[in-house]
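A short worksheet on the structure shown next.
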Amino acid sequence: MDPALLASRIEKHKTKDLVIISVGPEAIIKGSVDIGPTHEPENLEKLRNYLKDIPKNREIVIYCGCCPFVKCPNIRPAFALLMEMGFKNAKLLNLPKNIKTDWLDKDYPTND
Amino acid sequence: MINMKNALTLLLLIIFSGSVAAQSTIEVGKKAPEITMTKADGTSFALSTLKGKIVLIDFWATWCAPCVEEQPELKTFYDTYSEQVKNNKFEILGISLDKNKESWQKAIDRFNIQWIQISDLKFWKSPVAKLYEIDELPFNIIIDGQGTILAKNLHGKELEEFLKKTLNQN
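Residue numbers (my numbering), protein chains in the order written: chain A, 1 to 112; chain B, 113 to 282.
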């Protein structure tokens, strides 16, 4: 998902049916849930627990933003878990560089 | 007409302030701005107290995989130049953009980091990120005894060569 689209949905309060999950260093994005870096097995378990009561057709957006995708150790295990658990509407937030340049510097809504 | 003039002044002001803001302050030959932050033991530390030493300032975080990979390399430098460290010629200053104190402390212990480590635990919201114009990690600078920037963002072989050249002169 494009960050501009997510930001505009948050600003328009159109996130009622959307679950936004941080699987990286901090849940910067407004309304997102802080799971912690999912390259750590305990956080991946935390994600599994968090997801277990959520309907499989719910729209879910995960993000990390620690670094460019190729170097990110968190996105892949988290997304693989979502697929394994059968989520049909899971998306990855497209933060090509990191959460700073692609979110904070654009003044998109944050959790504080 | 007055409105036109005002609008023009405003426009010029915007253009001018924009060009000022676009000028980088973190460049070789410029002075490194002062940094005051807290060490893991809670005591305050200021960059200016390292005056007189060549300092490698390493901006990193435990959530940044390439930064973590670099830590053993920094340890090798710290060991290689231990004489210079002892003689107050060289120091490494690690500045972490971590948010979680526990993760930070764990990494310091795990890599047995002996050099100075400071952080304000503010993640990307740390004022130092803005002050040092940091867009991504890892990032580093090397400063001389007067706080002038000698090199910017050197890694791997380049960093090794630069330290060798700079520290063996002293």
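Built from N, CA and C at the ideal position, the CB exists for glycine as well.
Can you list, in chain order, the stretches of the beta strand (DSSP E) that have 3 or more residues and sit fully within the region 163–215 of chain B? Listed in chain order, the complete beta strand (DSSP E) runs (minimum 3 residues) inside the region 163–215 of chain B are 166–172 and 202–208.
Quick check on residue 59(A): does DSSP put it in helix, strand or coil? Residue 59(A) carries a strand assignment under DSSP once its states are collapsed to helix, strand and coil.
Against chain B: residues of the region 88–100 of chain A by CB proximity under 9 angstroms: Along the region 88–100 of chain A, going in chain order, the ones with a CB nearer than 9 angstroms to a CB of chain B are 97, 98, 99 and 100.
Within 9 angstroms (strictly less), CB to CB, does residue 73(A) reach chain B? Cβ-Cβ to chain B under 9 angstroms: yes for residue 73(A).
Quick one: give me the first and last residue of the beta strand (DSSP E) that residue 251(B) is part of. Start and end: 251–255.
Reducing DSSP to helix, strand and coil, say where residue 152(B) ends up. Look at residue 152(B) here: in three-state DSSP terms it is coil, with no helix or strand label.
If you measure between the beta carbons of residue 25(A) and residue 227(B), is that distance less than 9 angstroms? Cβ distance not < 9 angstroms, so residue 25(A) and residue 227(B) don't count as in contact.
Helix, strand or coil, according to DSSP, for residue 23(A) in the structure here? Assigned with DSSP and collapsed to three states, residue 23(A) falls in coil, not helix or strand.
Does the Cβ of residue 239(B) have 16 or more other Cβ atoms within 10 Å, making it buried, or fewer, making it exposed? Exposed, since its Cβ has fewer than 16 Cβ neighbours within 10 Å.
Using a Cβ cut-off of 9 angstroms, pull out every chain B residue sitting near residue 5(A), in sequence order please. Going along chain B, no residue has its Cβ under 9 angstroms from residue 5(A), so there is no contact; the nearest lies around 22 angstroms.
Alpha carbon to alpha carbon, how far is residue 248(B) from residue 97(A)? If I take the Cα positions, the gap works out to 8 angstroms.
Using beta carbons (cut-off 9 angstroms, strictly below), is residue 104(A) in contact with chain B? Yes - at least one Cβ of chain B is within 9 angstroms of the one on residue 104(A).
Residues of its chain near residue 7(A), where Cβ-Cβ distance is below 6 angstroms and the 5 sequence neighbours each way are ignored: Once the five neighbours on either side are set aside, the close Cβ partners of residue 7(A) are 108.
Out of 87(A), 78(A), 106(A) and 16(A), which has the shortest C-alpha to C-alpha gap to residue 42(A)? The residue from 87(A), 78(A), 106(A) and 16(A) with its alpha-carbon nearest to that of residue 42(A) is 78(A).
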